[in-house]
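Engineer: In our numbering, the protein residues as written are 79 to 481.
Note that the Cβ used here is the ideal one computed from N, Cα and C, for glycine as well.
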Ligand SMILES: Cc1ncc(COP(=O)(O)O)c(C=O)c1O
C-alpha cells in the first residue's frame, strides 16, 4: 500500500474552521445561495447548447478555448456592464472564470502573500473570506451601517495600517445586496469610500455577484468601477446565481495594469483554470435569447420567497430579534440576543433538517455568533415557512428567545 499521506504537499492551503453540521444534507437549505431551481428549463438549456455548437461548428469544441474565455460572452459581459452598471469596459479587460469564486481565487493568488492585510466589510461572504484565510491573508473587518462600510472606519483602518508601515492589498467589498448584510451603498457613500481608498493608494475589489437580483426598491447605483477612471477597481461577478451554480461560469474585469503585470492573470495561464467552453457557449446563447424573461422569472420567484421568509420571521421570531429586509439578493441576516450561539447550535438544527450559516463564518475571528444568515433562493415558500418554524422552535428551546 502506498502511504499517500507522506506524499502530500506541505504547502497545502491552511485549514479554516467551520461549524459542525455545515456539510450535513438537509431539506430546508437556508445556508446556500443556490440559483432558483424551477427557472432552469432543460429544453431551453439544451437548445442553447445546440445553438452554440451549430454556430461555432465542431472546431469550437475540438480546439482549446480562447485564453480569456468565449469571445462572444466577453463582449456580452462588457455590453451588460455598460447598460446595467454604468461601467464601460473593453471586452479585452474581461476574462471568463469558473464562477466568481474562480476569478477571486486567481486574483488572490496573484496578489496575496501570507500576512497581507485586506479590508473587508464587518461580515463578508464566507467563500472569499475562506480563500483569504487559506492563503494566510489578514482580513480586517470594517464597521458598517445600512449604507455599507463607514467612511470613518475605513479611514481609521487604513490609517492604522499606514502607521504600522503596512499597505493593504485591497479594500474588498460586495456592494450590491451585500452577502450577508444585504445593503447596497448609495452613490454618495461609494464616492466617499473610493476617495479614501484612493488617498491611501489601495485598489478596490468589488464583487457584484448579486447585481441581477433586484426585487424591488431603488434602482442600483453605478458600480465602483464606473465611478473611477483611475484603473484602481477590480470587478468580479458571476452567472451562477442566475443560471445555475453547477454551470461554474463567472467573470472578472481587470484594469489593464493588472492584466498585463501579473502571472496569475496572464492570458496564457487562464485556460488551465477549468472553465468549460461548452458551459460558456450555453450561457452566451441562452442569454442572447432569454435574458430579460429569465431575469423577470427569477425576480418574481425571489420576491415570493423573500416575502415568505420575512413573514415567517415576523410570525415565529420575537420582535427583539432584528433582521434585514433586503430589496434584492437571496438572503436575510438575523441578529439574536447577545449570548445566543448559532455556531454551537448548528448540528441541532441540521438534526431537524434545517441548515443556516452562523455569523462567525463571515468573520475572520469566527465570532459574533449571535447572528445568522438565512438564504431563501432554494426552497419553496411552504418549505421556507416550515424551516423557519423549526428554527424558531429550536432557538426557543435553547433559550435564545428569552431576550
Ligand atoms: C458574494 C459572493 N461571491 C461569490 C460567490 C461564489 O460564486 P460562484 O458560485 O459563481 O463561484 C458567492 C456564492 O454564494 C457569493 O455569495
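Under the assumption that residue 420 contacts residue 450 (Cβ atoms under 8 Å), give the Cβ distance between them as a whole number of angstroms.
Structural biologist: The Cβ separation is near 4 Å, so the contact holds.
Engineer: What separation, rounded to the nearest whole angstrom, lies between the Cα atoms of residue 117 and residue 389?
Structural biologist: Looking at the two C-alpha atoms, the distance is approximately 23 Å.
Engineer: Cβ of residue 178 versus every heavy atom of ligand 1: is any distance shorter than 7 Å?
Structural biologist: Yes, the Cβ of residue 178 comes within 7 Å of a heavy atom of ligand 1.
Engineer: Say the cut is 7 Å; is the CB of residue 316 nearer than that to a heavy atom of ligand 1?
Structural biologist: It does: the Cβ of residue 316 is within 7 Å (strictly closer) of some heavy atom of ligand 1.
Engineer: What residues in its chain sit with their C-beta under 7 Å from that of residue 274, if we drop five residues either side in the sequence?
Structural biologist: Contacts found: 229, 232, 233 and 236.
Engineer: Alpha carbon to alpha carbon, how far is residue 98 from residue 476? Give it in angstroms, no decimals.
Structural biologist: C-alpha separation (whole angstroms): 17 Å.
Engineer: Kindly identify the DSSP beta-bridge partner or partners of residue 172.
Structural biologist: 331.
Engineer: Can you have a look at residue 84 and say buried or exposed, based on whether 16 or more other CB atoms are within 10 angstroms of its CB?
Structural biologist: Exposed: under 16 other Cβ atoms inside 10 Å.
Engineer: For residue 115, count neighbouring Cβ atoms within 10 angstroms of its own Cβ and tell me buried if that reaches 16, exposed if not.
Structural biologist: The residue in question, residue 115, is exposed, as its Cβ has fewer than 16 Cβ neighbours within 10 Å.
Engineer: Does the Cβ of residue 111 lie closer than 7 Å to at least one heavy atom of ligand 1?
Structural biologist: For ligand 1, at least one heavy atom lies less than 7 Å from the Cβ of residue 111.
Engineer: Determine contact between the segment 211-226 and the segment 182-195, defined as no fewer than three beta-carbon pairs at a distance below 8 Å.
Structural biologist: Touching, yes.
Engineer: Could you pull out every residue in the same chain whose Cβ sits closer than 8 Å to the Cβ of residue 373, ignoring the five residues on either side in sequence?
Structural biologist: If we look at residue 373 and ignore the five residues flanking it on each side, its Cβ neighbours are 290 and 320.
Engineer: Which residues mark the beginning and the end of the alpha helix (DSSP H) in which residue 155 is found?
Structural biologist: Here the alpha helix (DSSP H) through residue 155 covers 149-163.
Engineer: Between residue 280 and residue 310, what straight-line distance do the alpha-carbon atoms span, to the nearest angstrom?
Structural biologist: About 8 Å.
Engineer: Which residue from 306, 365 and 452 puts its Cα closest to that of residue 127?
Structural biologist: Of the candidates 306, 365 and 452, the one whose C-alpha sits nearest the C-alpha of residue 127 is 365.
Engineer: Could you name the residues of the same chain whose beta carbon sits closer than 7 Å to that of residue 109, not counting the 5 residues immediately before and after it, in chain order?
Structural biologist: Excluding residues within five positions, the ones whose Cβ falls inside 7 Å are 433, 434, 435 and 453.
Engineer: Would you list the one or two residues that DSSP bridges to residue 223?
Structural biologist: Looking at the DSSP assignment, residue 223 forms a beta bridge with 226.
Engineer: Should residue 222 be counted as a contact of ligand 1 given a C-beta to heavy atom distance under 7 Å?
Structural biologist: No, ligand 1 has no heavy atom inside 7 Å of this Cβ.
Engineer: Candidates 408, 447 and 254: which alpha carbon is nearest residue 455's?
Structural biologist: For the residues 408, 447 and 254, the minimum Cα distance to residue 455 belongs to 408.
Engineer: Just mark residue 178 as buried or exposed, buried being the case when its beta carbon has 16 or more other beta carbons within 10 Å.
Structural biologist: Buried, since its Cβ has 16 or more Cβ neighbours within 10 Å.
Engineer: For residue 306 and residue 145, what's the separation of their Cα atoms in angstroms?
Structural biologist: Looking at the two C-alpha atoms, the distance is approximately 27 Å.
Engineer: Between residue 478 and residue 415, which are expected to be in contact by the criterion C-beta below 8 Å, what is the C-beta distance as a whole number of angstroms?
Structural biologist: Right, the Cβ-Cβ distance comes to about 6 Å (below 8 Å), so this counts as a contact.
Engineer: Is residue 180 near residue 353, with beta carbons less than 8 Å apart?
Structural biologist: Against a cut-off of 8 Å, the Cβ pair of residue 353 and residue 180 comes out as a contact.
Engineer: Can you find a heavy atom of ligand 1 that lies under 7 Å from the Cβ of residue 252?
Structural biologist: Yes - ligand 1 has a heavy atom lying nearer than 7 Å to the Cβ of residue 252.
Engineer: Using a Cβ-based criterion (distance less than 7 Å to any ligand heavy atom), does residue 352 qualify as near ligand 1?
Structural biologist: Incorrect: residue 352 has no Cβ contact closer than 7 Å to ligand 1.
Engineer: Can you tell me which of the three DSSP states residue 54 falls into?
Structural biologist: Only positions 79 to 481 of the chain appear in the structure, and residue 54 is not among them; the question remains open.
Engineer: Where does the unbroken beta strand (DSSP E) through residue 284 begin, and where does it stop?
Structural biologist: 282-285 is the span of the beta strand (DSSP E), which, as asked, contains residue 284.
Engineer: Within 10 angstroms of its Cβ, does residue 79 collect 16 or more other Cβ (buried), or is it exposed?
Structural biologist: It is exposed - the Cβ of residue 79 has fewer than 16 other Cβ atoms within 10 Å.
Engineer: By the DSSP assignment, the beta strand (DSSP E) with residue 402 in it spans what residues?
Structural biologist: Premise fails: residue 402 is in no beta strand (DSSP E) and is neither H nor E.
Engineer: Any heavy atom of ligand 1 within a distance shorter than 7 Å of the CB on residue 330?
Structural biologist: Residue 330 Cβ: outside cutoff for every heavy atom of ligand 1.
Engineer: Confirm the yes/no value for this check: CB of residue 448, any heavy atom of ligand 1, distance under 7 Å.
Structural biologist: Not so, every heavy atom of ligand 1 lies at least 7 Å from the Cβ.
Engineer: Suppose you measure from the CA of residue 269 to the CA of residue 176; what does that come to, to the nearest Å?
Structural biologist: Their Cα atoms are separated by approximately 31 Å.
Engineer: Output the distance between the C-alpha atoms of residue 384 and residue 253, rounded to the nearest integer angstrom.
Structural biologist: Approximately 20 Å, taken between the alpha carbons.
Engineer: Going by CA-CA distance only, name the one from 106, 156 and 242 that's closest to residue 459.
Structural biologist: Among 106, 156 and 242, the Cα nearest to that of residue 459 belongs to 106.
Engineer: Looking at residue 404: is its Cβ nearer than 8 Å to the Cβ of residue 260?
Structural biologist: For residue 404 and residue 260, yes; Cβs fall inside 8 Å.
Engineer: Does ligand 1 have a heavy atom nearer than 7 Å to the CB of residue 203?
Structural biologist: Indeed, a heavy atom of ligand 1 lies less than 7 Å from the Cβ.
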